[in-house]
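What follows is one structure encoded as structure tokens, with my remarks underneath.
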């Protein structure tokens, strides 16, 4: 054991607890629930575990087929374990697990840098920075899968580097097992498999049997989960199964049509959800006009009337759905005929606007989505956004965080083009930028937490680049 890294991880963990307990104390009772920060997404993560424990069925408490598979089961299973130890203190146990896992991730971060042959002084400075800078641990006190993603991501990077050093059956087993668990926590984390595949490809003949073992460990759990999901309603649901016609709430296929329409110009998820909530609950012209004002002027001038009409149809269908929600549990497919016709009209309007404003759709909005990620300090805790807001030191720290994270992004991008930097690091960063491209081009209306997964990767890449630069400078 590296004692310096151990004590750095202990110190980082204690600091994390102090900062986050202070943050909890500043929250009101609705936000500070059960020892962790409450969000609207929390029930969909945790309710399946409770239902499974007491009824044997893995589903949340909403009505509709997507209640069986809205969230992958990895994080929920962690809560299931905590609840199995103690019904009363399940959230406290879950919080302790999340804190400890972040502490372990700090230690593994240092070991990862050591595997990359980084200078010892740089390893300790980098590990301290990872451990104490709050944007690396923002979600540790949330009941969301992001709370354990730093540990998951760093573990996979470290195990991949170890596998590259010594390709033993043991290293393959552990790496495959971790990736298998990771895919059940957050399927999108699968981009980290790319470096492993390239390593197997490089040693294909030697490791063919090992490759089959790895594939079984890494993908069978997620495949089993998808087969189970198929049995619920005899349909493949994909990795983001939020929308379904049977849902007794707003997340239905019509809502997806509206999100596709808004994605032409909108990159801010909070703005979109706010607009949709108003349209779903209110049928007035005032609400339609309010939403229409959020549309870019050039689109509004040409398609304002069409958009207003689409919003009106959506309001009317939503009103009809509310009435049916009161009478039925599961709505039958195509039961609300107006919903089908409105979906087709909105899809047709979306195609027209995309064709007329192709530059906005293909370039301006994705660029704006990228800006939402990069041009931020990612200091999301309440104490940074409210309690300490305006404090001079806090504002200096906010700007410093913004600059630091911006530099991580730029350095990681540069690392892709430096041929003699560790290939695993470069391949991992390449895969990370593919994932980022998916977020900004296809998904667009993202939450900051989707970018959070990349911070440890970008920091490793940046440290590797700086180490390479100073090594060259010393040798010249």
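Residue numbers (my numbering): 982 to 1457. Cβ atoms here follow ideal geometry from the backbone N, Cα and C, with glycine treated the same way. This structure is a prediction, so every number in the text was calculated from the model and none was measured.
So residue i is in the alpha helix (DSSP H); what residue range does that whole segment cover?
i: residue 1111; result: 1101 to 1113
i: residue 1414; result: 1404 to 1419
i: residue 1334; result: 1318 to 1337
i: residue 1254; result: 1250 to 1262
i: residue 1236; result: 1234 to 1243
i: residue 1342; result: From DSSP, residue 1342 is part of no alpha helix (DSSP H); its letter is neither H nor E.
i: residue 1141; result: 1130 to 1146
i: residue 1213; result: 1189 to 1214
i: residue 1399; result: No alpha helix (DSSP H) holds residue 1399; DSSP gives it neither H nor E.
i: residue 1172; result: Where residue 1172 is concerned, there is no enclosing alpha helix (DSSP H), given that its DSSP letter is neither H nor E.
Helix, strand or coil for residue i? Go by DSSP, reduced to three states.
i: residue 1312; result: coil
i: residue 1013; result: strand
i: residue 1120; result: coil
i: residue 1372; result: coil
i: residue 1305; result: helix
i: residue 1070; result: coil
i: residue 1183; result: helix
i: residue 1434; result: coil
i: residue 1444; result: helix
i: residue 1268; result: helix
i: residue 989; result: helix
i: residue 1358; result: coil
i: residue 1097; result: coil
i: residue 1275; result: coil
i: residue 998; result: helix
i: residue 1225; result: coil
i: residue 1031; result: helix
i: residue 1050; result: coil
i: residue 1161; result: helix
i: residue 1218; result: coil
i: residue 1040; result: coil
i: residue 1045; result: coil
i: residue 1351; result: helix
i: residue 983; result: coil
i: residue 1290; result: helix
i: residue 1064; result: helix
Report back the beta-carbon spacing between residue i and residue j to the nearest angstrom; my notes put them in contact at under 8 Å.
i: residue 1359; j: residue 1282; result: So it is not a contact: roughly 36 Å between Cβ atoms.
i: residue 1001; j: residue 1111; result: No, residue 1001 and residue 1111 are not in contact; Cβ-Cβ is about 16 Å, not under 8 Å.
i: residue 1327; j: residue 1280; result: Not really, about 15 Å apart at Cβ, beyond 8 Å.
i: residue 1422; j: residue 1119; result: The pair is not a contact, with the Cβ atoms about 25 Å apart (cut-off 8 Å).
i: residue 1223; j: residue 1232; result: 5 Å
i: residue 1129; j: residue 1079; result: 6 Å
i: residue 985; j: residue 1025; result: Contact doesn't hold; Cβ gap of about 41 Å is too wide.
i: residue 1253; j: residue 1426; result: 5 Å
i: residue 1144; j: residue 1162; result: With a Cβ gap of about 16 Å, residue 1144 and residue 1162 do not count as contacting.
i: residue 1061; j: residue 1030; result: 4 Å
i: residue 1136; j: residue 1089; result: 6 Å
i: residue 1401; j: residue 1103; result: Not quite, the Cβ-Cβ distance comes to about 18 Å (not below 8 Å), so this is no contact.
Rounded to a whole number of angstroms, what is the C-alpha to C-alpha distance between residue i and residue j?
i: residue 1288; j: residue 1323; result: 12 Å
i: residue 1397; j: residue 1179; result: 16 Å
i: residue 996; j: residue 1044; result: 41 Å
i: residue 938; j: residue 1342; result: This structure cannot speak to residue 938, because the chain is shown only from 982 to 1457.
i: residue 1364; j: residue 988; result: 27 Å
i: residue 1411; j: residue 1086; result: 22 Å
i: residue 1293; j: residue 1303; result: 15 Å
i: residue 1082; j: residue 1278; result: 48 Å
i: residue 1339; j: residue 1243; result: 14 Å
i: residue 1021; j: residue 1101; result: 43 Å
i: residue 1072; j: residue 1318; result: 44 Å
i: residue 1356; j: residue 1116; result: 14 Å
i: residue 1164; j: residue 1267; result: 44 Å
i: residue 1311; j: residue 1036; result: 20 Å
i: residue 1298; j: residue 1225; result: 15 Å
i: residue 1169; j: residue 1415; result: 11 Å
i: residue 1148; j: residue 1096; result: 14 Å
i: residue 1351; j: residue 1124; result: 26 Å
i: residue 991; j: residue 1438; result: 22 Å
i: residue 1091; j: residue 1140; result: 13 Å
i: residue 1113; j: residue 993; result: 5 Å
i: residue 1240; j: residue 1166; result: 25 Å
i: residue 1105; j: residue 1444; result: 11 Å
i: residue 1152; j: residue 1126; result: 25 Å
i: residue 999; j: residue 1142; result: 33 Å
i: residue 1313; j: residue 982; result: 59 Å
Who pairs with residue i in a beta bridge, going by DSSP?
i: residue 1427; result: 1249
i: residue 1018; result: 1013, 1123
Got a sec: does the ligand GTP put a non-hydrogen atom nearer than 7 Å to the Cβ of residue i?
i: residue 1400; result: For the ligand GTP, the structure offers nothing, since it holds no ligand at all.
8 Å is my cut-off, CB to CB: does residue i come that close to chain B?
i: residue 1037; result: As a matter of chain content, chain B is missing from the structure shown, which is built from one protein chain.
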